[in-house]
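Chains S and A are the protein sequences, given in the same order. Residues 133 to 444 in this note's numbering are what the first sequence spells out, letter by letter. Residues 4 to 321 in this note's numbering are what the second sequence spells out, letter by letter. Built from N, CA and C at the ideal position, the CB exists for glycine as well. Here the structure is a predicted model, which is why all the values come from computation and not from measurement.
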Amino acid sequence: MAQAKNTAEALRPEDFVILRERSAPSDLLVREPVGYWKDAWRRLRRNKVAMTSLVVLGLFLIMIIIGPYLRGYDYITAAPQYKNADMSAQFWLGADALGRDLFSRLWVGTRVSFVIAIVCTAVQVVVGCLYGSVMAYFGGIVDEIMMRILEVITAIPSLLITILIMIALGNSAFSLLVALCIASWCPTARVVRGQIMQLRESEYVMAAEAMGERPMRIILRHLLPNIMGILILDVATSIPGYIFQEAGLSFIGLGLQTPAISLGLLISNGQAVMNSHVNQLIFPAAVLCIMVLAFNLLGDGLRNALDPKFRK
Amino acid sequence: MIKFVLRRFLELLLALFLIATATFFLTAAAPGDPLLSRTLALPEASRDAMYAKYGLDKPVLERYVITMKGMLHGDFGESVVYQGQTLQTILRDKLPVSARLGLQQLIFGVLVGLLLGVIAAVKRETWIDRCIVVFAVLMMSVPELVLGLIFQKYFAGTLKLLPVIGWPTGKDLWFGGWKYTILPTLSGGLLYIATYSRLLKTSILDVLDQDYILTARSKGLSEPRIVWSHIMRNSMIPIVTRLPVTLAMCLTGSFMIEKIFAIPGIAAYFVEAVSANDLSIVLGETVFLAALFITVIFLTDILYTIVDPRIRIQGGKR
Numbered sequence: 133m134a135q136a137k138n139t140a141e142a143l144r145p146e147d148f149v150i151l152r153e154r155s156a157p158s159d160l161l162v163r164e165p166v167g168y169w170k171d172a173w174r175r176l177r178r179n180k181v182a183m184t185s186l187v188v189l190g191l192f193l194i195m196i197i198i199g200p201y202l203r204g205y206d207y208i209t210a211a212p213q214y215k216n217a218d219m220s221a222q223f224w225l226g227a228d229a230l231g232r233d234l235f236s237r238l239w240v241g242t243r244v245s246f247v248i249a250i251v252c253t254a255v256q257v258v259v260g261c262l263y264g265s266v267m268a269y270f271g272g273i274v275d276e277i278m279m280r281i282l283e284v285i286t287a288i289p290s291l292l293i294t295i296l297i298m299i300a301l302g303n304s305a306f307s308l309l310v311a312l313c314i315a316s317w318c319p320t321a322r323v324v325r326g327q328i329m330q331l332r333e334s335e336y337v338m339a340a341e342a343m344g345e346r347p348m349r350i351i352l353r354h355l356l357p358n359i360m361g362i363l364i365l366d367v368a369t370s371i372p373g374y375i376f377q378e379a380g381l382s383f384i385g386l387g388l389q390t391p392a393i394s395l396g397l398l399i400s401n402g403q404a405v406m407n408s409h410v411n412q413l414i415f416p417a418a419v420l421c422i423m424v425l426a427f428n429l430l431g432d433g434l435r436n437a438l439d440p441k442f443r444k
Numbered sequence: 004m005i006k007f008v009l010r011r012f013l014e015l016l017l018a019l020f021l022i023a024t025a026t027f028f029l030t031a032a033a034p035g036d037p038l039l040s041r042t043l044a045l046p047e048a049s050r051d052a053m054y055a056k057y058g059l060d061k062p063v064l065e066r067y068v069i070t071m072k073g074m075l076h077g078d079f080g081e082s083v084v085y086q087g088q089t090l091q092t093i094l095r096d097k098l099p100v101s102a103r104l105g106l107q108q109l110i111f112g113v114l115v116g117l118l119l120g121v122i123a124a125v126k127r128e129t130w131i132d133r134c135i136v137v138f139a140v141l142m143m144s145v146p147e148l149v150l151g152l153i154f155q156k157y158f159a160g161t162l163k164l165l166p167v168i169g170w171p172t173g174k175d176l177w178f179g180g181w182k183y184t185i186l187p188t189l190s191g192g193l194l195y196i197a198t199y200s201r202l203l204k205t206s207i208l209d210v211l212d213q214d215y216i217l218t219a220r221s222k223g224l225s226e227p228r229i230v231w232s233h234i235m236r237n238s239m240i241p242i243v244t245r246l247p248v249t250l251a252m253c254l255t256g257s258f259m260i261e262k263i264f265a266i267p268g269i270a271a272y273f274v275e276a277v278s279a280n281d282l283s284i285v286l287g288e289t290v291f292l293a294a295l296f297i298t299v300i301f302l303t304d305i306l307y308t309i310v311d312p313r314i315r316i317q318g319g320k321r
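Here it is, written out as structure tokens:
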């Protein structure tokens, strides 16, 4: 140590001579640096299927917002004179068993299903991230206990929990949200834990710790942003699952119930009249399938763009 | 190893206990009185007797202790809605129905799925591969609910090829009445085709990149030998990991399919019991299904550590 100090004192700036300046033109040969996100976006943009899905989802989003008001009909009050009306210029997709415009109802239903899926995914990712990163960051006994809790929860078939919660809380959008979210964060927490375990030993975490940063801040500012790619992938692949579950539960009568409107309920109503008025079943089913298909294809595209394992 | 098994087993018991407790309190907290419709017309004294018979006159905590004690002896109590029915009689009647449906879906779906997966991997980057990939993504995006309804409408309704609803019972329970089972099997099985073909294809392509395949080639092994004892053996590992869980899910029935085709299985009955607030049956079925599911996962975990030494080292990565 003392020797190093001596050396530092012995060397003065004047002792150094610039031998040769770096020639300017060589800078021009270096390509502009391409970051992870820029690279991922470039890969995604080149993927025609994923971009088409993105456009389709964008159109759906617009229709979810403005769709119900386009035709200006009252989609809640029954109008018996239009009962089961066929497709026409007046009712683009026909009217349902109570004479309400199916086109407007379809977009309201899509909105409800979509919002449920988004909220559930948000809860899943936030809870999963916090749980997983706390588990991985602290390690040791904390990790051990939290992991055992996680294992017990994942052991229970999720559909059973969902149904039980729906019985206890009654049929409403809120209880459906609780029921769908209650166990869904577990896989996310596992993935986040694995990822953060790897990043835990990085130099920048050590640097942050040395500077006296609080653990929560290290997790939020340093660790989570570095696994953002995997989280985005998790979001894209989780949404279709929730759309399916909402539709399925509402269909068997354990999800939302009329007078609420959702894709599952519209399909369930459509089934009742599917022999005479197939349009009431086909359109909600088609919207459901196209939306899920778009999310699945976008998810595949994102996986290729974001996951280093798939980069070839 | 023994420590691992023991730990998992204790976790299993804890999970079951938690499920039973949670289910009991959730159903107890549910609004609605299961005996209301049956006792409405009865005089006061017989109504009280009815409540006493099912133990519903006691406070919740006392009922909880009684129920948990009974559960240890496999006694879940009599159905509140259907007289004389217990969990055992219901399982005896309904489980074979769900099990046959599930097994047919599983066998059909997994076999065809694996076949398509191999074809897609062998013919990769050709139109055959692309067709299979597109088919798989389409099938994953159409819920079995919609698939079931559409099959029912067109194959049974419009074309009148197959019966609309129903399920073989009596002596046809296991082998017979095939025409009733075709549509439910198809609507549930297509999803397995999609998942398993995708899984196997990715897995095969993964294995092809490994160094030991190159080693096998450079040793001059014959092509069939490489394919069967190196590529296939290794790429089946993720499939085998997945199968037991799929099997457990199959046995416990499919809620949508049973509802659409009016199949008298345990999943359909569960929904019915839930709607009718049939406390003891809901509790019993939940614990039974959860126990089945958890046991399968437990056995799989142990099987793995024995079969694949790598998992033991990696710490059960799945």
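- For a contact meaning CB atoms closer than 7 Å, what does S:Phe376 contact in chain A? Pro146
- Task: Using alpha carbons as the reference points, say which of S:His409, S:Thr390 and S:Val424 lies closest to S:Ile371.
- Result: S:Val424
- May I ask you to list, following chain order, the residues of the stretch 231 to 259 of chain S that have a beta carbon less than 9 Å from some beta carbon of chain A? none
- Message: So, with DSSP's three-state summary, where would you put S:Asp233?
- Response: strand
- Find the residues of chain S that neighbour A:Ala18, judging by a C-beta separation of less than 7 Å, and give them in chain order. Residues of chain S passing the Cβ test: Val284, Ala287 and Ile288.
- What separation, rounded to the nearest whole angstrom, lies between the Cα atoms of S:Leu193 and S:Arg243? The straight-line gap from Cα to Cα measures roughly 8 Å.
- Can you list, in chain order, the residues of the stretch 282 to 295 of chain A whose Cβ is nearer than 7 Å to any Cβ on chain S? Cβ contacts with chain S: Thr289, Leu292 and Ala293.
- alpha helix (DSSP H) containing S:Tyr168: first to last residue? Tyr168 to Arg178
- Task: Please work out which residues of its chain come closer than 6 Å, Cβ to Cβ, to A:Ala123, disregarding the five sequence neighbours upstream and downstream, and give them in chain order.
- Result: Asp132, Ile135 and Lys204
- Item | Burial state of A:Ala196 (16 or more Cβ within 10 Å) | Per the sequence shown, the amino acid found at residue 196 of chain A is Ile instead of Ala. Burial call: buried.
- Spatial distance of S:Leu230 from A:Leu19 (CA atoms): 46 Å
- Message: Does the distance between the C-beta of S:Val187 and the nearest non-hydrogen atom of the ligand GDP fall short of 6 Å?
- Response: Ligands in the displayed structure: none, and consequently the ligand GDP is not present.
- Query: Rounded C-beta distance between S:Phe246 and S:Ile196? I'm assuming under 8 Å.
  - Reply: 6 Å
- Message: On the criterion of 16 or more Cβ atoms from any shown chain inside 10 Å, does S:Met133 qualify as buried, or is it exposed?
- Response: Any answer about S:Met133 is weak, because its pLDDT of 46 lies below 50 and its placement is not dependable; what the coordinates show is given next. S:Met133 should be labelled exposed.
- Can you give the Cα-Cα distance for A:Thr24 and S:Ser265, rounded to whole angstroms? 30 Å
- Rounded distance between the beta-carbons of A:Pro267 and A:Val100, thought under 8 Å: 6 Å
- Item | Neighbourhood of A:Ser278 by C-beta, 6 Å cutoff - its chain only, sequence neighbours within 5 removed | none
- Task: Let me know the secondary structure DSSP gives A:Arg321 once reduced to three states.
- Result: Interpretation of A:Arg321 is limited by its pLDDT of 38, a score under 50 that renders its predicted location unreliable; the figure taken from the coordinates is listed afterwards. In the structure shown, A:Arg321 sits in coil (DSSP, three-state: anything other than H, G, I, E or B).
- Query: Taking the alpha-carbon positions, what's the A:Phe28 to A:Met71 distance?
  - Reply: So the alpha carbons of these two residues sit roughly 12 Å apart.
- Task: In angstroms with no decimal places, state the Cα-to-Cα distance between A:Leu286 and S:Ile297.
- Result: 13 Å
- Item | Residue range of the alpha helix (DSSP H) that includes S:Ile291 | It should be noted that the sequence gives Leu, not Ile, for residue 291 of chain S. S:Leu291 -> alpha helix (DSSP H) spans Ser290 to Leu301.
- Kindly give me the distance between the Cβ atoms of A:Ala293 and A:Ile22, rounded to whole angstroms, as I take these residues to be in contact under 8 Å. 5 Å
- Option nearest A:Glu261 by Cα separation, candidates A:His76, A:Thr188, A:Trp231 and A:Lys156: A:Thr188
- Query: Under the three-state reduction of DSSP, which class applies to S:Ala227: helix, strand or coil?
  - Reply: Correct three-state label for S:Ala227: strand.
- Does any residue of chain A bring its CB to less than 7 Å from the CB of S:Met133? Only weak support is given to the placement of S:Met133: the predicted model assigns it a pLDDT of 46, under 50, and the value that follows is read from those uncertain coordinates. For S:Met133, the answer is no, since every Cβ of chain A falls outside 7 Å of its Cβ.
- Short Cβ contact (7 Å threshold) for A:Leu15 with A:Phe296: no
- Query: Is there at least one Cβ from chain S nearer than 7 Å to A:Met142's Cβ?
  - Reply: no
- Indicate whether at least one CB of chain A lies closer than 7 Å to the CB of S:Leu430. no
- Query: So, using beta-carbon positions, are S:Gln377 and S:Asn303 closer together than 7 Å?
  - Reply: No, the pair does not count as a contact, with Cβ atoms beyond the cut-off.
- Task: Note down, in chain order, each residue of its chain lying with its Cβ closer than 6 Å to the Cβ of A:Ala265, except the 5 sequence neighbours on either side.
- Result: Ile168
- Task: Could you tell me which uninterrupted alpha helix (DSSP H) segments, each at least 4 residues in length, are contained entirely in the stretch 179 to 214 of chain A, listed from first to last along the chain?
- Result: 181 to 211
- Query: Grouping DSSP H, G and I as helix and E and B as strand, with all else coil, what is S:Ser382?
  - Reply: helix
- Query: So, is the C-beta of S:Leu296 closer than 7 Å to a C-beta in chain A?
  - Reply: yes
- Query: Under three-state DSSP, which class holds A:Val145?
  - Reply: Of the three classes helix, strand and coil, the one that applies to A:Val145 here is coil, per DSSP.
- Would you identify the three-state DSSP class for S:His354, choosing helix, strand or coil? For S:His354, the three-state secondary structure derived from DSSP is helix.
- Tell me, please, whether the CB atom of S:Met278 is closer than 7 Å to any CB atom in chain A? Not an interface residue.
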